[in-house]
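Input: a single structure, listed below in structure tokens.
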Amino acid sequence: MVWPIKAILPLSLARFALAHTVLPSLKSPLPFIEDLACLFEFAFYIHYRIKRHLLITNPPKSSTYIYPEIDKQPPLPPLETLARQLAQFEAALPEGNAAQRSIMKQEELSGWFTFGHGSARRTAKYSEIHRQHVSRWMAWLFWDTELLHNPSLQATLQPLIDPLIDELEKWVEKDFQSGDDVADVKPIILNLDPLRAQHRPILHYVVTHLAAWTIGWIIFKWRGFERKVLNGQEYYIRKCREKDRNKCEKPLCFISGIGIGLISYESFIAALTKDNRDIILFDLPEISLRWTPYLQHTHNTPLQTAEIVQEIVRGCTKGEKGAHAVAHSFGCVVIQWLLRLNTGPTPIASSVTMVDPVCFLLISPSVAQHFCYRPPSNFLDELVDYFVAREIGVNNALHRHFQWKINDLDPQLLPVESAVILSELDSYVPSLHVERLLKKERPDVAVKVLANYFHSEFQLTKEGFSTAAAMSKLVDITKKSYANLQALDGIRKKSFNNLRSL
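Mapped onto mature numbering (1 follows the signal peptide of the UniProt record, and there is no 0), the consecutive letters of the sequence shown carry residue numbers -19 to -1, 1 to 483.
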């Protein structure tokens, strides 16, 4: 239960009020310090409410995304985009007869819709979902807009939406209900739904700033890293220690996921660090549980972060070689943009290692529903919901700056030297689905499923981060040792097959 933390503010104010009115005996031996702490807590609460109000009343002016001209995965018409995503999801489903697969599709699709309100809210049943609900979902998915209470817009978009619904019904092999809308059923429309952020005491941010910035800075400086900032993006860099730069391997850049920042990956980073290469570590402040200036509607999107990463890596390599990009969870979205922006003979992300990637199969409701909407069902869920999912920076990043349809990675864009590490019991990433998809569409990619691991648990065990680091190093070896593509292909297949037996 997190209620003791939620009670800090009201208890502080109650003690302050009583101590200065009817119960002066409540004053402590250090009244000035306690009073100052209470006033700071109250002032921070007011500041939080103002910031939250501004984020709600001043959303991004336009959610329409402008694709860069060099995008390797340019936008397709909505019907083609939907068909491609459904085909990928079809490949990810387990084996079964037609009836069994139809039921699995219904269950997956139902995850995009909720029934009820508050603590009674649950996933809607397929039989409760009407075409009107699907129309609202499609309007968000492809046009970033809301049809409810907007008849003129609905009249304009409905002729475009109807073929999409027909395609969906054909894929599921069961029609949606027609007739009157059911008010209790609502689609998940992530960027248009209200923010679900909750206040937390200022002590929370004192701790996360201390852990993420101060302690992290000390540890990484001790390991030889230098902290730098470019265009608001903080990163740490440790230069190759070879006197002859020609003997240096290609750089490795690591991008963190949602959490308290790079400090939580310290053991994994230590396992990746080598003296004969540049190491660049990227911290994403908007998802690092810190109170930062990035709590506004202008903070970096994954694409903008990828462009900054690209500029930094190009500066390190002088454009002569690419980098080995490693990322965890949300950081993998930045990698997928590095892959999409890869151009020329020396692409930025020439090899890739992804751990618990959230950028595959985004047509599945798993990430959106389980992380952003599902009510906590146990103590661990409640901790994640309060301390992470409902933190205002994380909530703002996911609900306002994560464009669902454009952050989905086509497996065909993965470079030859790629490794994907999944957690078997992941509550957010549909790991087994992703494994099946990659084995069918990219059998040359090394895929490892960590048995009995939850999302992010690899950071907590030596076996977990050692396995992830071993896969990352294997990707390097297959590229470094064999310039001849034919020889590379043979050794890569042999090495990856050996790795799967780990």
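Using N, Cα and C, we set each Cβ at its ideal position, and we do this for glycine too.
- According to DSSP, residue pairing for H28 in a beta bridge does not occur.
- Residue state for Y186 is assigned as helix, using DSSP reduced to three classes.
- Sorting S399, E22, P356, F368 by C-alpha distance to the C-alpha of T95 places P356 at the top.
- The stretch 128 to 144 makes no contact with the stretch 376 to 392: fewer than 3 CB pairs, one atom from each, lie closer than 8 angstroms.
- By the neighbour-count criterion, in which a residue is buried when 16 or more other Cβ atoms sit within 10 angstroms of its Cβ, R112 is buried.
- A straight line joining the alpha-carbon of F352 with that of I236 spans about 20 angstroms.
- Sequence-distant partners of E438 (beyond 5 residues in either direction) whose C-beta falls short of 7 angstroms from its own C-beta, in its chain, are S404, G445.
- H436 counts as buried, since no fewer than 16 other beta carbons sit within 10 angstroms of its beta carbon.
- From the listed residues L211, P396, N376, F70, the smallest Cα separation to V294 is found for L211.
- The C-alpha of N172 is placed about 14 angstroms away from the C-alpha of W93.
- Counting along the chain, the unbroken alpha helix (DSSP H) around S83 starts and ends at 79 to 91.
- Counting along the chain, the unbroken beta strand (DSSP E) around L431 starts and ends at 427 to 431.
- Counting C-beta pairs closer than 8 angstroms gives three or more between the stretch 145 to 160 and the stretch 116 to 123, which meets the contact rule.
- D259: member of the beta strand (DSSP E) spanning 258 to 263, first to last residue.
- Burial check for W318: the Cβ neighbour count within 10 Å reaches 16 or more, so the residue is buried.
- Ranked by how close their Cα comes to the Cα of D337, the residues H34, V307, V290 have V307 in first place.
- Taking H190 as the centre and dropping the five residues before and after it, the same chain places the C-beta of R271 closer than 6 angstroms to its C-beta, in chain order.
- Residue state for I239 is assigned as coil, using DSSP reduced to three classes.
- Sorting V430, I316, G213 by C-alpha distance to the C-alpha of P396 places I316 at the top.
- For F311, the secondary structure class from DSSP, reduced to helix, strand or coil, is coil.
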